[in-house]
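Student: Protein sequence lines, in the order shown, are assigned to chains C and D. 499 is the number of the first residue of the first sequence in this note's numbering; add one for each residue after it. 695 is the number of the first residue of the second sequence in this note's numbering; add one for each residue after it. Even glycine gets a Cβ: it sits at the ideal position worked out from N, Cα and C. Mind having a look at this structure? Questions to follow.
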Amino acid sequence: AQKITQTQPGMFVQEKEAVTLDCTYDTSDQSYGLFWYKQPSSGEMIFLIYQGSYDEQNATEGRYSLNFQKARKSANLVISASQLGDSAMYFCAMRGPSTISSGSARQLTFGSGTQLTVLP
Amino acid sequence: DSGVTQTPKHLITATGQRVTLRCSPRSGDLSVYWYQQSLDQGLQFLIQYYNGEERAKGNILERFSAQQFPDLHSELNLSSLELGDSALYFCASSAQETGSHEKLFFGSGTQLSVL
């Protein structure tokens with residue numbers, strides 16, 4: 499079974515500084531995808547970044563980058579030059595391969611989230 | 695804007711009632727997913743449809759049902775509502791049915807309050 503662990507319930511960062519949000523995962527699959535989503539106070543879930551388990555390079559999307567350490571099963575999100583608008587809940591998620599027989603096991607599994615607050 | 699449309703945005707109802715949540719996926723996406731987000735359970739997968747057919751079930755109660763119509767929009771029906779059903783219900787869509795690379799794009803959610 500897949501499991502995502504986010505050990506930081508809350509984080510604070512000063513505006514313009516970088517911050518790392520931790521995510522570890524557990525899976526027996528060789529092929530999987532790792533995702534980060536942002537949920538601002540307004541409630542919507544916004545896709546940020548994706549990393550495939552076979553991708554050799556860390557994913558980057560603007561100010562977001564994913565520090566992928568496969569051997570350690572970690573997929574930390576790094577936000578550079580934090581902005582006040584980055585204050586939100588951040589979720590790490592994982593999806594297994596299509597070859598899993600159980601349909602529910604192929605679904606996106608979420609961690610418990612990290613509430614990030616950017617201070618002016 | 696993710697391109698996924700959910701209505702209504704807010705819903706307030708009483709215990710024992712029945713409600714219907716509606717979702718229109720992104721243009722071209724064939725797969726629709728329903729998730730429930732609550733404070734105690736976090737984000738839980740409920741059910742997935744692909745091109746009109748049910749593909750996977752998660753922690754969905756028997757009082758809940760869903761369907762995907764020929765125009766690909768989906769509805770989640772919640773009946774005999776209980777206080778514990780109060781939650782934020784998300785619809786998401788993706789282009790394909792499965793695949794670890796398939797990104798899900800979420801709607802803005804329906805906040806259900808059962809009083």
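Going by DSSP, name the residue or residues bridged to residue 782/D.
Tutor: Within the second sequence, the letter at position 88 stands for residue 782/D. Residue 782/D pairs with 731/D, 805/D.
Student: Please return the same chain residues whose Cβ sits closer than 6 Å to the Cβ of residue 742/D, not counting the five positions on each side in sequence.
Tutor: As a working note, residue 742/D is residue 48 in the second sequence. Around residue 742/D: 727, 749, 750.
Student: With C-beta atoms as the reference, is residue 610/C less than 8 Å away from residue 504/C?
Tutor: Translated into positions along the first sequence, residue 610/C becomes position 112. Translated into positions along the first sequence, residue 504/C becomes position 6. Contact flag set, yes.
Student: Below 8 Å between beta carbons is the criterion; list the residues of the segment 775-789 of chain D that meet it against any residue of chain C, in chain order.
Tutor: Residues 782, 784, 786.
Student: Would you mind telling me which residues of chain C sit closer than 8 Å to residue 802/D, beta carbon to beta carbon, in chain order?
Tutor: One-based indexing of the second sequence puts residue 802/D at position 108. Within chain C, the residues near residue 802/D are 540, 541, 542.
Student: Got a sec: which bits of the segment 760-772 of chain D sit with their beta carbon under 9 Å from any beta carbon on chain C, in order along the chain?
Tutor: If the cut-off is 9 Å between Cβ atoms, the segment 760-772 of chain D has nothing near chain C.
Student: Helix, strand or coil for residue 775/D? Go by DSSP, reduced to three states.
Tutor: Here residue 775/D corresponds to residue number 81 of the second sequence, with the count starting at 1. In this structure, residue 775/D counts as coil in the three-state DSSP scheme.
Student: When you compare the CB of residue 795/D with every CB in chain C, is at least one pair closer than 8 Å?
Tutor: As a position in the second sequence, residue 795/D is number 101, starting the count at 1. Closer than 8 Å to some Cβ of chain C, the Cβ of residue 795/D qualifies, so yes.
Student: When you compare the CB of residue 606/C with every CB in chain D, is at least one pair closer than 8 Å?
Tutor: Residue mapping note: residue 606/C aligns to position 108 of the first sequence, counting from 1. At least one chain D Cβ lies under 8 Å of residue 606/C.
Student: Could you give the distance in angstroms between the alpha-carbon of residue 756/D and the alpha-carbon of residue 516/C?
Tutor: As a working note, residue 756/D is residue 62 in the second sequence. As a working note, residue 516/C is residue 18 in the first sequence. So the alpha carbons of these two residues sit roughly 45 Å apart.
Student: Under 9 Å Cβ-Cβ, which residues of chain D neighbour residue 595/C?
Tutor: As a first step, residue 595/C is located in the first sequence; it is residue number 97 there, counting from the start. In chain order: 792, 793, 794.
Student: Considering Cα atoms alone, identify which of 586/C, 539/C, 526/C is closest to residue 551/C.
Tutor: The residue labelled residue 551/C in the question sits at position 53 within the first sequence. Checked all of 586/C, 539/C, 526/C; the closest Cα to residue 551/C is 526/C.
Student: Once DSSP output is grouped into helix, strand and coil, what is the label at residue 740/D?
Tutor: Mapped onto the second sequence, residue 740/D falls at position 46. Correct three-state label for residue 740/D: strand.
Student: Taking the CB atoms as reference points, tell me whether residue 784/D and residue 696/D lie closer together than 8 Å.
Tutor: Counting from 1 along the second sequence, the entry for residue 784/D is found at position 90. Counting from 1 along the second sequence, the entry for residue 696/D is found at position 2. Not a contact, by the Cβ cut-off of 8 Å.
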